[in-house]
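K.L.:
Chains as they are written, first to last, in full-length UniProt numbering: chain Z, 1 to 375; chain R, 1 to 375; chain X, 1 to 343; chain P, 1 to 343.
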Amino acid sequence: MIAGLRATTEGGADLVQLLTPEGERVHHPDFDIEVTPEELRGLYRDMVLIRRADREGNALQRQGQLGIWVPLLGQEAAQIGAGRAMKPHDMAFPSYREHGVAWCRGIDPTEILGIFRGTDHGSWDPLAARFHLYTIVIGNQCLNATGYAMGQRFQGKVGDDDGEATICFFGDGATSQGDVHEAMVWASVYDAPVVFYCQNNQWAISEPIERQTRVPLYQRASGYGFPGIRVDGNDVLACLAVSRWALDECRHGNGPVLIEAFTYRMDAHTTSDDPTRYRLSDELEAWKLKDPIERVRVHLVKQQWADQEFFDSVQADADELAARLRDFCVNMPTPGPERIFSEVYAQESPQVRAQRDEFLDYMAGFADAHAGGEH
Amino acid sequence: MIAGLRATTEGGADLVQLLTPEGERVHHPDFDIEVTPEELRGLYRDMVLIRRADREGNALQRQGQLGIWVPLLGQEAAQIGAGRAMKPHDMAFPSYREHGVAWCRGIDPTEILGIFRGTDHGSWDPLAARFHLYTIVIGNQCLNATGYAMGQRFQGKVGDDDGEATICFFGDGATSQGDVHEAMVWASVYDAPVVFYCQNNQWAISEPIERQTRVPLYQRASGYGFPGIRVDGNDVLACLAVSRWALDECRHGNGPVLIEAFTYRMDAHTTSDDPTRYRLSDELEAWKLKDPIERVRVHLVKQQWADQEFFDSVQADADELAARLRDFCVNMPTPGPERIFSEVYAQESPQVRAQRDEFLDYMAGFADAHAGGEH
Amino acid sequence: MAAPTVNERAVAPGEGRTPVQTVTMVKALNMGLRAALERDPKVVVMGEDVGKLGGVFRVTDGLQKDFGEQRVLDTPLAESGIIGTAIGLAIRGFRPVCEIQFDGFVFPGFDQIVSQLAKLHFRSQGRIKVPVVVRIPFGGGIGAVEHHSESPESYFAHTAGLRVVACSNPVDAYWMIQQAVESDDPVIFFEPKRRYYEKAQLDTTATPDPLFASRVLRQGGSVTVACYGPMVKTCLEAATAAAEDGVELEVVDLRTLSPLDLGPVIDSVRRTGRLVLASEAPSESSVTAEIAARVQQECFYSLEAPVLRVTGFDTPYPPSKLEEEFLPDLDRVLHAVDRSLAF
Amino acid sequence: MAAPTVNERAVAPGEGRTPVQTVTMVKALNMGLRAALERDPKVVVMGEDVGKLGGVFRVTDGLQKDFGEQRVLDTPLAESGIIGTAIGLAIRGFRPVCEIQFDGFVFPGFDQIVSQLAKLHFRSQGRIKVPVVVRIPFGGGIGAVEHHSESPESYFAHTAGLRVVACSNPVDAYWMIQQAVESDDPVIFFEPKRRYYEKAQLDTTATPDPLFASRVLRQGGSVTVACYGPMVKTCLEAATAAAEDGVELEVVDLRTLSPLDLGPVIDSVRRTGRLVLASEAPSESSVTAEIAARVQQECFYSLEAPVLRVTGFDTPYPPSKLEEEFLPDLDRVLHAVDRSLAF
Ligand SMILES: Cc1ncc(C[n+]2csc(CCOP(=O)(O)OP(=O)(O)O)c2C)c(N)n1
Ligand SMILES: Cc1ncc(C[n+]2csc(CCOP(=O)(O)OP(=O)(O)O)c2C)c(N)n1
Ligand SMILES: [Mg+2]
Ligand SMILES: [Mg+2]
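#1: Taking its Cβ as the centre, do 16 or more other Cβ atoms sit within 10 Å of G365 of chain R, making it buried, or is it exposed?
#2: Per DSSP, R233 of chain R forms a beta bridge with which residues?
#3: Does the distance from the CB of I188 of chain X to the CB of V134 of chain X come in under 7 Å?
#4: Here's a check: name, in chain order, each residue in its chain whose Cβ is nearer than 8 Å to the Cβ of M236 of chain X, leaving out the five neighbours to either side.
#5: Could you confirm whether any beta carbon from chain P is found closer than 7 Å to the beta carbon of D120 of chain Z?
#6: Provide the residue(s) that pair with M150 of chain R in DSSP beta bridges, ordered along the chain.
#7: Measure the Cβ-Cβ separation of K290 of chain R and N200 of chain R and say whether it is below 7 Å.
#8: Indicate whether at least one CB of chain R lies closer than 7 Å to the CB of P319 of chain X.
#9: Got a sec: which bits of the region 181 to 192 of chain Z sit with their beta carbon under 7 Å from any beta carbon on chain R, in order along the chain?
#10: Please name the residue in R:Q347, R:Q308 and R:C198 whose C-alpha comes closest to that of E260 of chain R.
#11: If you draw a straight line from the alpha carbon of L260 of chain P to that of V295 of chain P, how long is it in whole angstroms?
#12: Using the beta-carbon of each residue, which ones in chain R are nearer than 7 Å to T315 of chain X?
#13: Quick one: Cα of E48 of chain P to Cα of P210 of chain X, how far?
#14: Under 7 Å from any heavy atom of ligand 3, by CB: list those residues in chain order, please.
#15: Taking beta-carbon pairs under 7 Å, can you tell me which members of the region 253 to 285 of chain P lie near chain X?
#16: Comparing the C-beta of H158 of chain P with each C-beta of chain Z, is any distance below 7 Å?
#17: Could you please give the first and the last residue of the uninterrupted beta strand (DSSP E) stretch that includes E38 of chain Z?
#18: Tell me which residue opens and which closes the alpha helix (DSSP H) that P170 of chain X is part of.
#19: Which term fits V20 of chain P, buried or exposed, when burial requires 16 or more other beta carbons within 10 angstroms of its beta carbon?
#20: Specify the secondary structure class of M363 of chain R as computed by DSSP and reduced to three states.
#21: Let's see if you can read the secondary structure: which residues bound the alpha helix (DSSP H) around A157 of chain P?
#22: Got a sec: is the Cβ-Cβ distance from V137 of chain Z to anything in chain P below 7 Å?
#23: Does DSSP put G62 of chain P in a helix, in a strand, or in coil?
#24: Give the DSSP bridge partners of M91 of chain Z, in chain order.
#25: Buried or exposed for K129 of chain P, going by 16 or more other Cβ atoms inside 10 Å?
#26: Using a threshold of 7 Å, state whether the C-beta atoms of G253 of chain Z and V194 of chain Z are closer than that.
#27: Less than 6 Å between C-beta atoms, sequence neighbours within five positions excluded: which residues of the same chain meet that for S149 of chain P?
#28: Let me see if you follow: with CB-CB separation under 7 Å, is H335 of chain P close to chain R or not?
#29: Pull up the distance between the alpha-carbon of V225 of chain P and that of D338 of chain P, whole angstroms please.
#30: Secondary structure at I115 of chain Z, three-state DSSP: helix, strand or coil?
#31: Between Q297 of chain P and chain X, is there a C-beta pair that is closer than 7 Å?
#32: In the region 190 to 231 of chain Z, which residue ranges form an unbroken beta strand (DSSP E) of at least 3 residues, counting only runs that do not cross its ends?
#33: Can you look up F326 of chain X in the DSSP assignment and give me helix, strand or coil?
#34: I want to see whether chain X comes within less than 7 Å of F154 of chain Z, judged by CB atoms only; does it?
#35: Would a C-beta distance cut-off of 7 Å place S320 of chain X and G143 of chain X closer than the cut-off?
#36: Decide if F140 of chain R is buried, meaning its Cβ has at least 16 other Cβ atoms within 10 Å, or exposed.
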């Protein structure tokens, strides 16, 4: 029986890789791309900056400025590769860890902070940025993304190079949710132009991938009749290449596609989590050798596509971003209580209005009473 | 892309078949079985009798004795094959159409009538019969079956010829439900001894199988890492053989297994349905030639395994069963209103008791008032 | 939205036809959906069997034929999928109308309704609108098997961010479904299936009442009776019967269950001093509980009797041979009226 | 069941240890679950991250280590799967205790709860028992992101066939979880997560109160205050504050939300004539609505003021920086008490 086959097996032939952990450029029969030095420097910069922002998020949480932070550490390549593969009119539906994709959509990391500080649920305009709000209920966004993609198709925006596509992000744990399955069913029977992008970071909080599947996740796609590809999720070039191909397939009308980006969550699940309770440091050490940024740095150096000045300037940009983030965070205003009652409905609800008015009155009276020294 | 491949394609090599529509015995490298003349006569009798019961159900509905009937017409082989493959200690979780499986579990068809007459939700003891109650919410029972099978395993009832297994019935439409997916995920990661038995009868009410999938349904299994097999669902021998094999795999610890029984719903979805609105009679005519009973009859005759006397006696048994069903049905008592309030909880709820007492009082008073001629 | 609204353009499709006709609720809903599909190309109808079959109750009969498979979608069989993709379509700018085949089958889609549909407008600070209508044929009385006769409205009324309405007659059905489609908020739209084939005169040139407003259907000074959906007819019949005994019931059709429009109920109770609520749903933590809680507060000094509720029992819906006993009927309403008057 | 029940055998695991100890609610629940696992081999604990991690709140800490992977199951990530397989295990004779990681994540499992868990006993005329416990850490106040602070109890209270309870302190938590496991009915078990780390003296040799009973925690003659879960502490503090002003609150911890045990509330209201209900949940069609509806009926002649409710608003739970405003606090309870007294 198949029970012996480990889902975590890092498939040799299965795994699309264009840049080895050692920084060697390798070639792939189906998914090769050419990148210019400038492009590669850009990808490097993206990854360094978003990692820096991520580390700052962690620090801000430790210092009590954020309630929680959800780190992306280790998943920079998976996210930047996919994010940079998107065309402006493509749409993305993130989970809650896709700060790197947000970055590629032009969303400043400051716009994410409110979610974790507790002042809002994301301050960007999801329609303008073509990047949906973070979705926390595992799997929900996959159906929403599929519906959106169906809409792209119904509006005739699919069929050629100018077509639109949607990409949907979710984790290895999410693959067990019924919603993710239903999304794949819908996408396949409506030929929806949606790329299902699963970041298999090996863990769903404390549960290893074996708790979700017996076989590699990309194989799920065959059961629905669309292609599934496993890509080295720590290889930004491979992620870019495979994502670009998949989005192109979708925009041309050959969707959906499933991508499994095989990567690793280098940090805790969130700042509330304590991974020492459930995983060994060995595993972490092994994955450190596959760092997504380091291999690009090595390659840039080897190819002489970047010099120290470049690396220094990226570092400076990163530090500036971090400082800006920190500054923004500590100065973020807290919304007033009227926010509780605002935008609950598009058309105002008399009931919510009454509750708001009563509460604001009460608060005012309370302030008066305090002013007057009474209870 | 794969979009062109039709899910309804009756796969040549894919389809396990042991008895052709013409009544020819064919052999299969993996799933062959030997049946004695007596066994085959038994299967024939099962199918004829359950079809007769089914037709009587339809008639009883037409005559107002039942509120609705859910016909199995055309699916006799799929159900009798699976039902007869079960060992006494195996457990079954039906959907709502499995009258043939119920029959094999020793449940008299009269015990099903209450569901459709509106007097109860099935009068058999599901634990004693090892046949769960009918489940109407599509897909729910697949998770319940998987949990039950996990229990069989946890209790050490799996591992050898004496092991136990569970079989779960659902339709082609059901495969789209999240619950069915989650059941397959759970079953695979817990090695649960459960056979997923999908009767693909080509239709989910008015929706053809293409609305649920691009590719044959049995292929779903490969995405979870367990075997999926498509069997000719109108061939009782093949259904028996494949089910027996699958149940044996499970009882030995090699579960789960998915079986797609490729068959056809020859009647309406239910007596409330009007299939002329959505499907052409051509299709029906083509499937008539593949009748599950007729091919067995032909084979029995050709092999001289049965004579006219046998066929007549089966017919007589069938007529007797129908008469008994009718008789039972028209004489079924209607439960009193106290049934509304009974067994809502294992431990009586004071609230339900109060509502019952108040209502019964009210009914009594009402009767008195009527007796007294007042309103 | 550039398209004219139902109020601006109250003439039904097929102008030139006589505007007044006798229609069943099924027909009225069908006409309403047709009008919505004609008025706005962003409207799509989706659900199980809504296409060729026209839905198991034929509410969508003929729509796929006339509007095509991209406007009227036969979906795969999964309610979370239906709601979840409808939300995605709404984010893209569509106005999906989802059919849930029967009340008891809305629960697989409950998570998408509660976690996404109800919250996206608030979450996005109004940047995302999700004008999804979820049509649910609800209630009992049709002799069906389990899960086909439930009254799940309270689950939705308890969910902030949703609007919940119930129609009670063909005329309202015609207008309310169009207004629901035009609402920029998600609307859970309950249709009393046992009233589907009852008829009324529909004037498609009339001016409809607002969607989120309750309405006094019969005036009377003895006891106020508030109800919705399938119970409206029952309560009107009860009022006729009571009148013969000289008891005048004021019957309010609530129409909107969330937000509630209790103004007419409160006005009425201030006059009658008595309120009976009628609903098929189990009473515990329900819409009728909410109304009782509010009215006892708003009308504390006017109430001459406690607010009484006539409801389904706090049990699962019974096998259908017992539904006549389970469902509140004219007699149980009158019994409550009597008890109220006896206080 | 052959195993001794919690009442028959009230001594905690590790007898010989001192029976009285100071414990947090998390620790009390952990001890209670441990006792249940020890007492009956059919008990299994299952959910996301309940194994090695011991649950995100550590309620199941150490249980997998001591009872093994077949008694304490880290499940795949899907709530319908958790509940649905727990039901199957229960049919097979097990007594599963499911953990839902946070309140807002129960909805993917809602269908299995409403359609199967709640109805199987009734459907099978008592032949099938489904003694499944669904533990849900609920309520706000911990500064979390969306979906982690909700109060969904009313959805379950509205569902016939379920029992719904909420503990408010470590001692109750210890006993109630064991009693819930022993209940032959499905129990939705709410744990007030913002009280998880508060402490109390637990005497594991004491005799617990029955599970489905409310309890007067503080006596007083001015106003009755009924509450549950996280609001109990708030209301007790309010009572202390009120006492300084000479107002004596009688505080009832409801404990069981379905079936409700309103006897103590009604007795109290008959004495005080006033009732304030407190809950974090939105008020519309909620448990507090139900209590108000019943009390106005049962105590019609005793009430000197309408029943008042202090609740979360009818809005989605806000971003956490606003939760202090959203959640009813001591002052809002006292404000309602004042309003009640002013009638
Ligand atoms: C429906 C639901 N159940 C549980 C949770 C709690 N939860 C948040 S993240 C998480 C693990 C997700 O794992 P995976 O899908 O692999 O994504 P990752 O966090 O590793 O990126 C869980 C269980 C949730 N957010 N939603
Ligand atoms: C969750 C749910 N949604 C909708 C329905 C209504 N319904 C009953 S049977 C059916 C079609 C089922 O098709 P399939 O799974 O192929 O089984 P078949 O009836 O063909 O045996 C539908 C939509 C239901 N029972 N449950
Ligand atoms: Mg993960
Ligand atoms: Mg079918």
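Ideal placement from N, C-alpha and C gives every residue a C-beta, glycine not left out.
P.N.:
Result, derived from the coordinates:
#1: exposed
#2: Position check: residue 233 of chain R holds Gly in this sequence, whereas Arg was assumed. Looking at the DSSP assignment, G233 of chain R forms no beta bridge with any residue, so it has no partner.
#3: yes
#4: Met is not the amino acid found at residue 236 of chain X; the sequence shown has Leu there. So the qualifying residues of the chain are L217, R218 and V251.
#5: yes
#6: Its beta-bridge partners do not exist; DSSP assigns none.
#7: no
#8: yes
#9: H181, E182, V185, S188, V189 and D191
#10: R:C198
#11: 12 Å
#12: I340, F341, V344 and V352
#13: 47 Å
#14: Z:G171, Z:D172, Z:G173, Z:Q199, Z:N200, Z:N201, Z:Q202, Z:W203, Z:A204 and Z:R265
#15: S258, P282, E284 and S285
#16: no
#17: Premise fails: E38 of chain Z lies in the alpha helix (DSSP H), P37 to R62, not in any beta strand (DSSP E).
#18: P170 to E182
#19: exposed
#20: helix
#21: E153 to A157
#22: yes
#23: coil
#24: Z:T166
#25: buried
#26: no
#27: G140 and Y317
#28: no
#29: 12 Å
#30: helix
#31: yes
#32: 194 to 200
#33: helix
#34: yes
#35: yes
#36: Reading off the sequence shown, one finds Asn at residue 140 of chain R, where the question assumed Phe. By the neighbour-count rule (16 or more Cβ atoms within 10 Å), N140 of chain R is buried.
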